[in-house]
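Report on the structure given below.
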Amino acid sequence: MATTPNAVQRLNALAGDGVQRLYALAMNALGLIMEPAQKLLGVRRMAYLFVLPNLLVFGIFILFPMLLNVYYAMTEGGNLYPQDRPFVATANFERLYTCTDYGDPNTCLEDRFWRAARNTGVFVFFQVSGMVIISLITSMVLNRKIVARGFFRSVYFYPVLLSPVVVALIWKWILQRDGVLNAILVGVGLDPINFMLDGTWAMTWVILVSIWAHMGFYTLILLAGLQSIPAELYDAGAIDGTSTTQAFRHITLPLLMPTMMVVLVLSLIRAVQMFDEVFVLTGGGPGSATMLMVQYIYMTGFGTQNPRFGMAAAASVTLGAVLLVATLLQLRLGQGSERHLA
Amino acid sequence: MSAVGRFLTRRQNDGRQGARRWTATDVLTYGYLIAGILIMFGPVAWLVLSSFKTQANLLEFPPTLLPLAQETAEVDGYPDPLPLFDVALEDGTVVRLAQVRRVGLQAQMVDPTEPGEIVRVAIDQRTPVRVFRLATENYTESFSRFNFSTYLRNSVIVTVGATLITLIINSMAAFALSKYRFRGRNAIFLVIIATLMIPISVILVPVYLVITQVGWINSLWGVIIPGAATPTGVFLLRQYMLTIPDELLDSGRIDGASEWRIYWQIVLPLAAPALAVLAIFSVMWRWNDFLWPLIVLTRSEFFTLQVGLNAFQGELNVQWHYVLAMTVLTLLPITVVFSLLQRFITTGIASTGVKG
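Residue numbers (the numbering used here), protein chains in the order written: chain F, 62 to 403; chain S, 32 to 387.
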């Protein structure tokens, strides 16, 4: 792995000795449990002891809740404890999916759920397609023979590391009524726009901001894919008199397709779960114009005086099913994803 | 400096042609890259510039590019420094006066060199004298007036604690899954893989119940533990540990080392690159985590930075000068880590496909 040796080496030299002693001390202390255990269990059964801590946390906080979630979805009321919750079978799901006209959320019993579903659909469609196109262009630009490639690569990557709350506040400050963007609009002779009070504008900015924040990640993956295409192919094409556009269509695109699918599915899975940036930037508003599915779940279960845990769980089971389909899609796409996760 | 200049202006050698001429595609490429710098760094730069502005300066429209503050002067006979204005007198000359007080449309002003004599001026005849000044009080007051340092401490505890726990339990599990044959191994591995893509947002309600039962509502443990058994980490470390030859472990066993000693003295040091990648990810996940802490932590003394920042922007709606300063302080540690470990992070992500 390529590293920046001086920074890392300096850190190592500075802390190395102390860290090593602390490490040995901590590990020897844990050894006071593990070594007698080995005498007791024998070498072969030590494996169970090694997986135990992870498995316990995993079982209690991921696996068990996954199963319990389905039970919650079949009960109702404001009580948190399952034994106090009346069992209603599929009533929550029926309520969630009852609409006289599926095109119009106002006709649905749980209209906020459908609004959130529709918003999430719009968000996912435009965010994912915008993300793939912009990341593709950026990675192709970065793949050219340019000066200071490492610098430019990190320019696009930097926002990926910022916390969603920070990203949202940066843009809230720019987009507010008296913000710098409106000052620019006024400067070129246009009328200022109150972006956060207009549903279409708010959704547009929510999409643009989330592309801004995450495109660097997908650009990196696509760049790695582009760099794995052998240069000989382009050389051979050049000998045959292939034009740049032809080379792109017949060499780059087909060979990049597995990586593109990974990017597509990963960004899809992330977009479906989007919450933080949007919640801090717009609070779901104006009205419920930018309320996405996870925010609906959060608001229904936690952001209210009368929590409806059953409804929140039913909605999250629905969301989980969508994610499961997307994940299976990724597994089906096989090779590309394996190469990336290995 | 000249080395930096040479670095920035160097052209990558084609290998075949040497220096090339600029083509239209080159112009487009660099145009795109420069626009990229503006769009990616511009908003952050604007945040940092704005965070150094005074409250009055922030409320101006159109905004000034640099932080400007009104200049003040100490005047004999007045306890506080007085704000300075350029005043256009009736005969057309402009003098610099300090304002004592404002009464309706009139301002009572005084010449700083002759403090005895008060001049009355119509307020539209004066313009404030402004100089470039960084309002560092935005930062110092964030610390002294709000719980900012508590949030910072909580965030550091959560990030460091969760990362250490994640590293140790994930690596132990990965060690067992890659170096032992035992009944149930494949089942455990499959279940872990199957939950790779299950986010906590899908199981909020039941995890909340578990946390309530354990008594970890409003406890940092409630934030640290649920995410500690990351499937991603187990998967990443297992794949890496598979490449460590079993002979090394066997030679340790022949020398009489216990299994635990083989784990921490042979396998972990060899898996250091994968551990480093996981550590970096874990730090980023935990530092930036928002939805789960928002649910578990309801009392402000337990807030992490992200939750605290969100609460601030809700409560201090008009006090952008504090919100902006605190936002800068929140992004500072990640920015420092990024500039030090930039290559580590980008190559780590490109080779694993794991997201920060």
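C-beta: ideal position from N, C-alpha, C; glycine also.
Within the segment 120-182 of chain S, the complete beta strand (DSSP E) runs of at least 3 residues fall at 125-134, 137-142, 145-153, 157-159 and 161-163. Residue state for glutamine 366/F is assigned as coil, using DSSP reduced to three classes. It is roughly 28 Å from the alpha-carbon of phenylalanine 375/S to the alpha-carbon of glycine 191/F. Counting of Cβ neighbours within 10 angstroms places leucine 69/S among the exposed residues, the total staying below 16. Methionine 276/F counts as buried, since no fewer than 16 other beta carbons sit within 10 angstroms of its beta carbon. In this chain, the alpha helix (DSSP H) harbouring alanine 303/S covers 303-319. Within the DSSP bridge table, the entry for aspartate 296/F names no partner.
Shown here for glycine 248/F: not one same chain residue has a beta carbon closer than 6 Å to its own, the five before and five after excluded. Here DSSP, grouped into helix, strand and coil, assigns phenylalanine 148/F to strand. Taking a Cβ-Cβ cut-off of 9 Å, methionine 272/S has no neighbours in chain F, whose nearest Cβ is about 12 Å from it.
Leucine 317/F is bridged by DSSP to nothing; it lacks a bridge partner. The beta carbon of glutamine 81/F sits no closer than 8 Å to any beta carbon of chain S.
Residue contact check for serine 215/F against chain S: a CB pair falls below 8 Å. Residue pairing by DSSP leaves threonine 161/F without any beta bridge partner.
Taking 9 Å as the cut-off between beta carbons, the residues of the segment 292-324 of chain S near chain F are Arg292, Tyr294, Trp295, Gln296, Leu299, Pro304, Ala307, Val308, Met315, Trp318, Asn319, Asp320, Phe321 and Leu322, in sequence order. The alpha-carbon separation between threonine 361/S and serine 186/S amounts to approximately 10 Å.
Residue pairing from DSSP places proline 114/S in a beta bridge opposite Thr103/S. Secondary structure of threonine 136/F (DSSP, three-state): strand. Residue environment analysis places methionine 257/F among the buried positions, since at least 16 neighbouring C-beta atoms fall within 10 angstroms of its C-beta. With a cut-off of 8 Å on Cβ pairs, the segment 111-126 of chain F is not in contact with the segment 354-370 of chain F, counting fewer than three such pairs.
Contact between the segment 230-239 of chain S and the segment 170-178 of chain S is not established, with fewer than three Cβ pairs separated by less than 8 Å. Between alanine 375/F and the set Asp252/F, Val386/F, Tyr357/F and Leu389/F, the nearest pair of CA atoms involves Tyr357/F. Three or more beta-carbon pairs separated by less than 8 Å link the segment 266-277 of chain S to the segment 301-312 of chain S, which places the two stretches in contact. Between leucine 353/F and valine 233/S, the CB-CB gap reaches or exceeds 8 Å. At least 8 Å separates the beta-carbon of tyrosine 170/S from that of alanine 108/F. Across the set Leu314/F, Lys206/F, Gly348/F and Asp337/F, the C-alpha of Gly348/F shows the shortest separation from the C-alpha of tryptophan 262/F.
The alpha helix (DSSP H) runs lying completely inside the segment 194-256 of chain S and spanning 4 residues or more are 216-225, 235-245 and 251-255, given in chain order. Remark: C-beta atoms of glutamine 237/F and proline 230/S do not approach each other more closely than 8 Å. Contact check for threonine 103/S against leucine 90/S fails: the beta carbons are separated by 8 Å or more. DSSP places valine 79/S inside the alpha helix (DSSP H), whose first and last residues are 55-82.
Straight-line spacing of the CA atoms in leucine 64/S and glycine 240/F works out to 26 Å. Contact check for valine 267/F against leucine 342/F passes: the beta carbons are separated by less than 8 Å. The CB of threonine 60/S comes closer than 7 Å to the CB of Val202, Arg205 and Ile207 in chain F, given here in chain order. Taking 8 Å as the cut-off, the Cβ atoms of threonine 136/F and proline 126/F do not count as close.
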